[in-house]
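The listed protein sequences derive, respectively, from chains Y and A. Going letter by letter, the first sequence gives residues 3 to 227 in our numbering. Going letter by letter, the second sequence gives residues 3 to 227 in our numbering. Idealized CB from N, CA, C, for every residue including glycine. All of these numbers come straight from a predicted model, not from anything done at the bench.
Protein chains: 2
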Amino acid sequence: MEMTELDDQDKCEKMRVAQLQFIGKILSLFTHQLNNHLAIIKDSVGFLDDLIKIKGQFKDDISEITNTMIEAEEQIEKATVLSKRLNSFGHRMDNAFSTFSINDILDELLVLASRATIQKRLSFERDFSPDVPPIYSDPSKVHFLLFCLMERFLKRMKAGGCIRVITKAKDQGCTVCFAVEDGICDSEEVWLCSDEVIEYAKSSLGCKTMENNPNSITLFFEGMG
Amino acid sequence: MEMTELDDQDKCEKMRVAQLQFIGKILSLFTHQLNNHLAIIKDSVGFLDDLIKIKGQFKDDISEITNTMIEAEEQIEKATVLSKRLNSFGHRMDNAFSTFSINDILDELLVLASRATIQKRLSFERDFSPDVPPIYSDPSKVHFLLFCLMERFLKRMKAGGCIRVITKAKDQGCTVCFAVEDGICDSEEVWLCSDEVIEYAKSSLGCKTMENNPNSITLFFEGMG
């Protein structure tokens with residue numbers, strides 16, 4: 003019986019990892035296809051610009067055309083940056099364990115989660131130490147844990163607030179801190195994930211809570227040393 | 003001891019579901035942001051078209067400009083369709099169980115996996131019965147299972163081959179069949195997922211294999227009846 007239970011847990015873990023690898027594969031296929039479309043759109047808009055300059059004789063000033071062209075190009079660029087981060091996010095699922103920088107993981111999260119800040123006009127302020135050592139861990143579980151903790155601030159913050167995201171090197175590992183200077187309201191919210199699962203994720207990652215206040219939380223991740 | 007093992011399996015399952023919900027949330031944020039960019043690009047290109055017609059006096063024919071405009075609009079449309087499927091794919095992860103049509107699940111997979119067919123010029127042929135009854139199951143695990151099985155054909159098919167995807171109503175449930183008429187080569191391949199995990203996924207979904215040949219496989223999913 004004990005053996006069966008262990009097997010079941012083992013199967014469940016294998017299922018989790020395999021399902022993440024599948025999603026990573028789909029995201030990789032998606033972003034390659036999207037990048038292809040975006041590249042052609044970019045080329046088309048650039049080509050239009052050339053054609054208009056070569057072939058057109060315009061009655062009055064063409065600033066409206068130029069500005070529209072610039073607007074389109076900016077949006078193509080933003081979509082490309084977003085797609086690039088989704089590609090990285092997906093590739094974190096390729097392996098259950100890998101070596102990565104916590105700064106890259108946070109950068110992916112902050113870019114991909116930017117939509118969550120729009121309605122309340124929230125903003126992120128990054129204070130990433132370039133000296134944080136790489137860590138060897140489960141990168142998609144780290145993504146998950148950091149997003150769940152950040153979400154609790156995002157949902158509780160007042161409109162216009164700013165969340166500081168700070169990384170620092172510490173004892174051959176690194177710390178990640180989310181801090182809100184003001185603007186926390188105590189409204190009850192439905193969180194993406196229960197406390198129980200967050201604690202389970204933390205313990206399975208060997209991640210420790212250094213401080214946990216209404217306005218800030220700091221986690222410690224062990225390095226490879 | 004038994005109790006602890008059960009708890010661990012329970013935690014593992016909760017972790018799997020929570021992690022999928024997180025990815026679903028990220029994909030929802032991503033696709034909303036991407037759709038926003040694509041909508042502005044589309045508007046800009048449409049506006050450029052208007053401006054050029056109103057303001058421009060062109061020396062020679064403008065078919066090149068018109069064609070480039072059409073090309074850009076087509077690519078924006080394709081990117082929008084892709085993004086829509088990724089949005090649906092992500093929302094399948096919102097709940098561990100839901101009621102869905104197997105046809106919709108397959109449509110999402112075939113659109114999102116289309117990039118995997120380009121290199122070998124493979125194609126999908128859909129033969130979906132509109133009469134398949136809805137099933138109540140774990141939609142992202144069904145996505146996973148169907149993709150893993152389809153991947154084994156995609157990797158073994160010769161260039162230019164076609165894979166038929168057939169759904170049918172059967173005994174208050176439905177069947178899904180992947181069939182390749184010819185062009186299977188027996189090259190050894192590394193699959194995304196092991197047989198063991200596929201069997202585990204099938205048994206946890208209550209899904210039965212009706213037939214399994216080198217050129218085709220048919221699965222049965224129970225309906226809600």
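Host alpha helix (DSSP H) of residue i (start-end)
i: residue 171 of chain Y; result: Looking at the DSSP string, residue 171 of chain Y is not in any alpha helix (DSSP H); the run it does join, the beta strand (DSSP E), is 164 to 172.
i: residue 203 of chain Y; result: 197 to 207
Among the options, the one whose alpha carbon lies nearest that of residue i
i: residue 178 of chain A; options: A:128, A:94, A:192 and A:199; result: A:128
i: residue 145 of chain A; options: A:115, A:12 and A:172; result: A:115
i: residue 30 of chain A; options: Y:118, Y:68, Y:70 and Y:210; result: Y:118
i: residue 169 of chain A; options: A:42, A:142, A:196 and A:135; result: A:135
i: residue 202 of chain Y; options: Y:143, Y:160 and Y:69; result: Y:143
i: residue 93 of chain Y; options: Y:55, Y:140 and Y:160; result: Y:140
i: residue 186 of chain Y; options: Y:204, Y:165 and Y:63; result: Y:165
i: residue 85 of chain A; options: A:96, A:36, A:63 and A:133; result: A:36
i: residue 21 of chain A; options: A:105, A:189, A:95 and A:34; result: A:95
i: residue 184 of chain Y; options: Y:158, Y:208 and Y:64; result: Y:158
i: residue 105 of chain Y; options: Y:123, Y:83 and Y:133; result: Y:133
i: residue 87 of chain A; options: A:76, A:64, A:63 and A:34; result: A:34
i: residue 153 of chain A; options: Y:28, Y:12 and Y:205; result: Y:28
i: residue 72 of chain Y; options: Y:51, Y:63 and Y:14; result: Y:51
i: residue 110 of chain Y; options: A:191, A:56 and A:32; result: A:32
i: residue 189 of chain Y; options: Y:97, Y:160, Y:76 and Y:83; result: Y:160
Proximity test, Cβ basis, 9 Å: residue i and chain A
i: residue 146 of chain Y; result: yes
i: residue 223 of chain Y; result: no
i: residue 195 of chain Y; result: yes
i: residue 295 of chain Y; result: With chain Y covering only 3 through 227, there is no way to say anything about residue 295 of chain Y.
i: residue 104 of chain Y; result: no
i: residue 78 of chain Y; result: yes
i: residue 10 of chain Y; result: yes
i: residue 32 of chain Y; result: yes
i: residue 17 of chain Y; result: yes
i: residue 209 of chain Y; result: no
i: residue 126 of chain Y; result: no
i: residue 192 of chain Y; result: no
i: residue 118 of chain Y; result: yes
i: residue 199 of chain Y; result: yes
i: residue 46 of chain Y; result: yes
Proximity of residue i and residue j at Cβ, strictly below 9 Å
i: residue 126 of chain A; j: residue 112 of chain A; result: yes
i: residue 74 of chain A; j: residue 131 of chain Y; result: no
i: residue 137 of chain A; j: residue 90 of chain A; result: no
i: residue 223 of chain A; j: residue 175 of chain A; result: yes
i: residue 180 of chain A; j: residue 167 of chain A; result: yes
i: residue 194 of chain A; j: residue 23 of chain Y; result: yes
i: residue 81 of chain A; j: residue 39 of chain Y; result: yes
i: residue 147 of chain A; j: residue 108 of chain A; result: no
i: residue 214 of chain Y; j: residue 182 of chain Y; result: no
i: residue 70 of chain Y; j: residue 49 of chain A; result: yes
i: residue 67 of chain Y; j: residue 43 of chain Y; result: no
i: residue 220 of chain Y; j: residue 226 of chain Y; result: no
i: residue 54 of chain Y; j: residue 54 of chain A; result: yes
i: residue 16 of chain A; j: residue 65 of chain Y; result: no
i: residue 209 of chain A; j: residue 14 of chain Y; result: no
i: residue 10 of chain Y; j: residue 11 of chain A; result: yes
i: residue 18 of chain A; j: residue 18 of chain Y; result: yes
Chain Y within 9 Å of residue i, Cβ atoms only
i: residue 93 of chain A; result: no
i: residue 228 of chain A; result: Limits of chain A in this structure are 3 at one end and 227 at the other, which puts residue 228 of chain A out of reach.
i: residue 22 of chain A; result: yes
i: residue 114 of chain A; result: yes
i: residue 212 of chain A; result: no
i: residue 219 of chain A; result: no
i: residue 35 of chain A; result: yes
i: residue 107 of chain A; result: no
i: residue 2 of chain A; result: Nothing in the structure corresponds to residue 2 of chain A, since chain A is present only between 3 and 227.
i: residue 142 of chain A; result: yes
i: residue 167 of chain A; result: no
i: residue 206 of chain A; result: yes
Beta-bridge pairing of residue i - partner residues as DSSP gives them
i: residue 100 of chain Y; result: Y:139
i: residue 127 of chain Y; result: Y:166
i: residue 179 of chain Y; result: Y:168 and Y:220
i: residue 186 of chain A; result: A:159
Enclosing beta strand (DSSP E) for residue i [first to last residue]
i: residue 75 of chain Y; result: Looking at the DSSP string, residue 75 of chain Y is not in any beta strand (DSSP E); the run it does join, the alpha helix (DSSP H), is 65 to 93.
i: residue 212 of chain A; result: 210 to 214
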